[in-house]
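Final position of the sequence shown in full-length UniProt numbering is 370; the numbers increase by one with none missing.
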Amino acid sequence: MAERRRAAAVQVSEPAAPTKAETTGAFPADEPAERLVDYYADMVLIRRFELSADQMYKRAKIGGYCHLNLGEEATVVGLMDALAPTDYLFTNYRDHGYALMRGLEPGRVMAELFGKSAGVSKGRGGSMHMFDAGARLMGGYGIVGGQIPPATGAALALTYRGKPGPDAEVVMCQMGDGTTNIGAFHESLNLAAVWHLPIVYVIVNNRLGMGTTVEAAAGEPDLYKRGCSYRIPGERVDGTDVVAVREGARRALDRARLQREPALLEVMSYRLRGHSVVDPARYSSAADVETAQAADPVPAMRRRLLAAGLLNDAKARHIEADADAKVAAAVAFADASPDPAPGRLFDYIYATPVANTSHSLPGDPAVVIP
């Protein structure tokens, strides 16, 4: 065991710059064409959904905070395709695309954004708190880093439920780059290493923690190296390439699944908008915006598929129209869904009944006299 732990300390993969072939046309020769086209359809669905969410927020259909996956579509699709249905997913508050790719109906996701009772979390969570036990989507956390300790605890629980193997359940814990600077990140990684937990920590590095660059906030800006002090191997992959993301995630998940050891994956991505829908992103220079737009994974995937002869314009337009129709139907479903009833306000607070819990609403008498 000690020898394996020492070997893990040097398993940090140096990132390679994507080649022109990787970013403009060529796909792995053994990659099924249908799967690649499906990836494009999934990416388009996320893009159209998030653009609609942005519009709905500005129309006051959505309240509270709202953070979008715009620019991270390849990252989301690649990670979720690598994850097995039996695996558990914990995310931060930028979670809409992950909910969609875990199989949740777009209408239910949009209804949750609208705060409706037909939503994923029955309208109680909103944008930042998507949850579905059946899909093993465990949130949706509004607190920065709030998902990391529970995800690590879930991985510990899995060590009591089965042995390592190709069908073993594992945990994926997604976070942003800024999260790597909080204490819970380091405490959790240390415990995961000590207890040999089946968990993959995924850092989606869009290069900005809200409005602060990674280089300005992190003493070690190569975030995939941050597991080294806990002997957790790290790897960095190109987040604009869905296949590269999927393969990197598979390698990390295999380590958790087969060896019952944690892994760290840094996915380099871009954010095409501000931190949230109300952030004008004035901290980004014109050059920064141009760089992010040039790396936009959705049109890039379209170009690559066309160049490879795997897609034609007519099929691409059909995919895009289908995504528009699904999103329009999702908005209509959310609009037509009922608001949560005030009398159900206290449902789901506790998993089991708790004695003497007050269910009084504003305006109710403090004491009812018969």
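Every residue gets a Cβ at the ideal spot worked out from N, C-alpha and C, and that includes glycine.
- Per DSSP, reduced to three states, the secondary structure at F131 is coil, with no helix or strand assignment.
- Unbroken beta strand (DSSP E) runs of no fewer than 3 residues, entirely contained in the stretch 154–216, are found at 171–176, 199–205, following chain order.
- A straight-line Cα-Cα distance of about 42 angstroms links M210 and A355.
- A direct Cα-Cα distance of roughly 43 angstroms separates V277 from K163.
- Just measuring C-alpha positions, the residue of D222, P262, R207 sitting nearest S269 is R207.
- Contact fails between the stretch 281–298 and the stretch 218–233, because fewer than three Cβ pairs, one in each stretch, are under 8 angstroms apart.
- Between the C-alpha atoms of R250 and L258 there is a straight-line separation of about 11 angstroms.
- Around the CB of L104, 16 or more other CB atoms lie within 10 Å, so the residue is classed as buried.
- Within the DSSP bridge table, the entry for V267 names V204, V237 as partners.
- Annotation: Y88 is outside any alpha helix (DSSP H); the continuous beta strand (DSSP E) that includes it extends over 88–90.
- Secondary structure at L137: strand, using DSSP grouped into helix, strand and coil.
- Rounded to the nearest whole angstrom, the C-alpha separation of C66 and N190 is 32 angstroms.
- Taken through DSSP and simplified to helix, strand or coil, Y93 comes out as coil.
- Straight across, the Cα-Cα distance linking D241 with A300 is about 9 angstroms.
- If the five residues before and after A99 are omitted, its C-beta is found closer than 7 angstroms to the C-beta atoms of V109, V120, M130, L137, all from its own chain and listed in chain order.
- Counting only the Cα atoms, L70 lies some 28 angstroms from G219.
- Taking a C-beta distance under 9 angstroms as the contact criterion, P340 and G63 do not qualify as a contact pair.
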